[in-house]
Amino acid sequence: MERFLYRLSRSDHAAKFVLKGALLLRVWDPAAYRTTRDIDLLGRLASDVEAVAEIIASVCRERVAADGLEFDAASVSGERIVEDAEYEGVRITFLGRLGNARVTMQIDVGFGDAVTPAPRRVDYPVLLDMPAPRLKAYPPETVIAEKFEVMLKRGDANSRMKDFHDVWWLAQHREFDGAVLVKAIRGTCEKRGTEIPARPTALSKAFAESSAKAAQWRAFRRRLNPTSCPEDFTEVMTAVAAFLQPIAAAIAAGEAFERTWSPPGPWR
0 MERFLYRLSR SDHAAKFVLK GALLLRVWDP AAYRTTRDID LLGRLASDVE
50 AVAEIIASVC RERVAADGLE FDAASVSGER IVEDAEYEGV RITFLGRLGN
100 ARVTMQIDVG FGDAVTPAPR RVDYPVLLDM PAPRLKAYPP ETVIAEKFEV
150 MLKRGDANSR MKDFHDVWWL AQHREFDGAV LVKAIRGTCE KRGTEIPARP
200 TALSKAFAES SAKAAQWRAF RRRLNPTSCP EDFTEVMTAV AAFLQPIAAA
250 IAAGEAFERT WSPPGPWR
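For the sequence shown, numbering that gives the first Met the number 0 gives the first residue as 0, with consecutive numbering after it.
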């Protein structure tokens, strides 16, 4: 994935995309990398499937110093994301080749989301001694805002354990300005038409102690480094609630939230 990101960063299309999703964890801490099968991007262009597919094909053809990988521009295909979609989007798939091995690539591109504060240019960590991709990326505040919005929207039906993991990880490792985080959450929820209740279901004790959620968490955790996060889902959700509940209460009450978070908390 990093070599495709490098080609994107070198192309004339780099300014049209902002990196988001699980790959960002590696930007903030290479040891925190969470396995993902796709590249998530925010597109700063029209949400036209054919236009996005042509751009990705162009990136596949981008000439760079030999790195052993080839991306097949002729294999690029696109479709609109409709199943279980959290946002308007386009999914692009294509093939990569490393010697005789074939790799299926997937890129999900979303459109129209608010980003607060503005995207920041980052150097993406590389595993090999090769030039690093340098491209715009989501700030942590918007990552949290989008994941919290999904928690609010899905309530008890939420099985996206990766969202709880990522918010937990950020709260354990990053500092936050409460006012900026509130602005990001408000912006995302307003853009997506999602209300923010004072006591969200996903932050409740009943949700944290649900046996069904605990089973989903165990299944998710098996795909991670088992020492990278707590085994107990209740422990994870207690930390997530301590981080997000005061914000939800302040927003619902229309109050300012001039507090700061130093990991692992609490807000002060």
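A virtual CB, placed ideally from N, CA and C, is assigned to each residue, including glycine.
Under the Cβ criterion (8 Å, minimum of three pairs), the segment 166-175 does not count as touching the segment 117-132. For the beta strand (DSSP E) assignment, the uninterrupted runs of no fewer than 3 residues enclosed by the segment 107-160 are, from N- to C-terminal side, 119-122 and 133-136.
No Cβ-Cβ contact shorter than 8 Å links ASP71 with ARG36. Ranked by Cα distance from LEU7, the options THR34, ILE38, ASP28 and THR103 are led by ILE38. Look at VAL235 here: in three-state DSSP terms it is helix. Around the beta carbon of THR115, 16 or more other beta carbons sit within 10 angstroms, so the residue counts as buried.
For LEU23, the enclosing alpha helix (DSSP H) stretches over residues 22-27. Segment contact: the segment 20-31 against the segment 131-145, three or more CB-CB distances shorter than 8 Å; contact assigned. Of all C-beta pairs linking the segment 238-257 to the segment 194-202, three or more are shorter than 8 Å, placing the two stretches in contact. When the five nearest sequence neighbours on each side are left out, the beta carbons in the same chain lying within less than 6 Å of the beta carbon of MET0 are those of ILE38, in order along the chain. Bridge partners of ALA100 according to DSSP: LEU97. Here the segment 203-223 does not lie against the segment 106-114, with fewer than 3 beta-carbon pairs under 8 Å apart.
Nearest to GLY111 by alpha-carbon distance, out of PHE147, ARG43 and ARG222, is ARG43. If only uninterrupted alpha helix (DSSP H) runs of at least 4 residues are considered, those enclosed by the segment 47-75 are 48-59. The alpha helix (DSSP H) runs lying completely inside the segment 196-237 and spanning 4 residues or more are 204-207 and 210-220, given in chain order. The C-alpha of LEU94 is placed about 41 Å away from the C-alpha of PRO262.
Under DSSP, GLY88 takes part in a beta bridge, and its partners are GLY109. In the structure shown, ASP162 adopts helical secondary structure according to DSSP, grouped into three states.
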